[in-house]
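Below: the structure, in structure tokens.
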Amino acid sequence: MPGAPKGDSDPVTRSSDVPASTPGPKHPPLGGAVPPPLATTATGALTQPPSCERRCRVVVASTTELKLAAVGRIFSRCSVEGVRVSSGVHEQPFGQEEIILGATNRLKAAKASKPGADYYVSMENGLSRAFVPSGGLGQDASTLLEEKHFDVGWVVLERADGARASVPSAGVELPAADVAVAREAGFGKKTVSSVIGQRVGLLDPENPHAWLTAGRRDRGALLGEAIAVALGQLERVSRGQPFPERSLPETMPRNTVKS
Numbered sequence: 001m002p003g004a005p006k007g008d009s010d011p012v013t014r015s016s017d018v019p020a021s022t023p024g025p026k027h028p029p030l031g032g033a034v035p036p037p038l039a040t041t042a043t044g045a046l047t048q049p050p051s052c053e054r055r056c057r058v059v060v061a062s063t064t065e066l067k068l069a070a071v072g073r074i075f076s077r078c079s080v081e082g083v084r085v086s087s088g089v090h091e092q093p094f095g096q097e098e099i100i101l102g103a104t105n106r107l108k109a110a111k112a113s114k115p116g117a118d119y120y121v122s123m124e125n126g127l128s129r130a131f132v133p134s135g136g137l138g139q140d141a142s143t144l145l146e147e148k149h150f151d152v153g154w155v156v157l158e159r160a161d162g163a164r165a166s167v168p169s170a171g172v173e174l175p176a177a178d179v180a181v182a183r184e185a186g187f188g189k190k191t192v193s194s195v196i197g198q199r200v201g202l203l204d205p206e207n208p209h210a211w212l213t214a215g216r217r218d219r220g221a222l223l224g225e226a227i228a229v230a231l232g233q234l235e236r237v238s239r240g241q242p243f244p245e246r247s248l249p250e251t252m253p254r255n256t257v258k259s
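Quick note on UniProt numbering: the sequence shown kicks off at 1 and runs consecutively.
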């Protein structure tokens, strides 16, 4: 059974140069008029957003500064505000299903607490397990699989018209010894990130990603990239380019070779 639901710190509100109370035009319906291409930076942030973005209101299902900053970098011309909500899952979610459930629970709670926003953004980090080829020296990597654990953040982004995109962040491998410590303590009250942070002596024990990637990516950057991808997918659908209804076969032919 899940432990105590995850929550956030005290409520925080962040605003850009445009007041959140200023009404803006509604987002075009799905399949409606095609908006012009958007100019973005290398990180996916909007540099010249359409008019509906300039005065939009974005609600984040969290009050942590890291998450608010990640959303603010993408919705740079919008009013961004956070709301304290519960994920309803373990302190350390395990498996993609529980991570996504936590993000979805946060989104629902944020919508109920602060209705009427143009966008809702929810994020949940968790532990994902995979068996990957070990590839050790002198070993046959095609037959030897090793259990590894990755920290993955799922982003759920929903627009006022109900259109939703769910996107995972890039995964960061976690040391097996730290995973074992958190598991022994219980995922209901201990995260692997906090174990790493305490062992290494990090200022933010819940953000070991920069240390794990030698400074190339921190948790905020990884979440920001996923937010940008989610927003881009919603924009593509708005331009009348939805995913095809025909799905791929459940199993690929055995003679299929992927290069």
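The beta carbon of each residue, even a glycine, is placed where N, CA and C say it ideally should be.
Next item on the list: Indicate whether LYS114 and VAL59 have their beta-carbon atoms separated by less than 7 Å.
Entry: Translated into positions along the sequence shown, residue 114 becomes position 114. Translated into positions along the sequence shown, residue 59 becomes position 59. Yes. Within cutoff.
Notebook entry, point to check: Exposed or buried, what is PRO25 when buried is set at 16 or more other beta-carbons lying within 10 Å of its beta-carbon?
Noted result: The sequence position of residue 25 within the sequence shown is 25, counting from 1. Bear in mind that the predicted position of PRO25 carries a pLDDT of just 42, short of 50, making it unreliable; the figure below should be weighed with that in mind. With fewer than 16 other Cβ atoms within 10 Å, it is exposed.
Check: How about the region 191-209 and the region 99-107: do they share at least three Cβ pairs that are nearer than 8 Å?
Finding: no
Check: Does the distance from the C-beta atom of GLY153 to that of LEU212 stay below 7 Å?
Finding: As a position in the sequence shown, residue 153 is number 153, starting the count at 1. As a position in the sequence shown, residue 212 is number 212, starting the count at 1. No, Cβ-Cβ distance for GLY153 and LEU212 is not below 7 Å.
Next item on the list: Just the C-alpha distance for ASP151 and GLY197, rounded to the nearest angstrom, thanks.
Entry: By one-based count along the sequence shown, residue 151 stands at place 151. By one-based count along the sequence shown, residue 197 stands at place 197. One C-alpha to the other measures close to 14 Å.
Notebook entry, point to check: Closer than 6 Å: is that where the CB of ALA230 sits relative to any heavy atom of the ligand ZN?
Noted result: No copy of the ligand ZN appears in this structure; indeed no ligand is present at all.
Notebook entry, point to check: Buried or exposed: which applies to GLY188, given that a residue is buried once 16 or more other Cβ atoms fall within 10 Å of its Cβ?
Noted result: The residue given as residue 188 occupies position 188 in the sequence shown. By the 10 Å Cβ count, GLY188 comes out exposed.
Notebook entry, point to check: Which same chain residues, not among the five before or five after ASP218, have their C-beta less than 8 Å away from its C-beta?
Noted result: Along the sequence shown, one-based indexing puts residue 218 at 218. Result list for ASP218: ASN207, HIS209 and ALA210, in chain order.
Next item on the list: Under 8 Å by Cβ, that's how I've got VAL121 and VAL155 pegged, so tell me the actual separation to the nearest angstrom.
Entry: Your numbering for residue 121 matches position 121 in the sequence shown. Your numbering for residue 155 matches position 155 in the sequence shown. 7 Å between Cβ atoms; contact.
Check: On the three-state DSSP scale, how would you describe SER169?
Finding: Along the sequence shown, read from residue 1 onward, the residue named residue 169 stands at position 169. Coil.
Checklist line | C-beta contact flag for VAL167 and ALA182 at 7 Å | finding: Translated into the one-based positions of the sequence shown, residue 167 becomes position 167. Translated into the one-based positions of the sequence shown, residue 182 becomes position 182. No; because the gap between Cβ atoms is not below 7 Å, this pair is not in contact.
Notebook entry, point to check: Do ARG164 and GLU158 have their C-beta atoms closer together than 7 Å?
Noted result: Translated into positions along the sequence shown, residue 164 becomes position 164. Translated into positions along the sequence shown, residue 158 becomes position 158. The answer is yes: Cβ separation under 7 Å.
Next item on the list: Give every residue of the same chain whose Cβ lies closer than 8 Å to the Cβ of PRO146, excluding the five residues on either side of it in the sequence, and list them in chain order.
Entry: Looking up residue 146 in the sequence shown gives position 146. Looking at the sequence itself, residue 146 is Glu, so the reference to Pro does not match. Taken in chain order, the residues that qualify are PHE131, VAL132, PRO133 and SER134.
Next item on the list: Determine the direct distance from the alpha carbon of GLU235 to that of MET123, and round the result to whole angstroms.
Entry: As a position in the sequence shown, residue 123 is number 123, starting the count at 1. As a position in the sequence shown, residue 235 is number 235, starting the count at 1. About 19 Å.
Checklist line | Residue range of the unbroken alpha helix (DSSP H) whose run includes HIS209 | finding: As a position in the sequence shown, residue 209 is number 209, starting the count at 1. Unbroken alpha helix (DSSP H) run through HIS209: 209-212.
Notebook entry, point to check: Using the rule of at least 16 other Cβ atoms within 10 Å of the residue's Cβ for burial, across every protein chain shown, is ALA230 buried or exposed?
Noted result: Translated into the one-based positions of the sequence shown, residue 230 becomes position 230. Result: buried.
Notebook entry, point to check: What do you get for ALA226, buried or exposed, if any count of 16 or more other CB atoms within 10 angstroms of its CB means buried?
Noted result: The count along the sequence shown starts at 1 and reaches residue 226 at position 226. Per the 10 Å Cβ criterion, buried.
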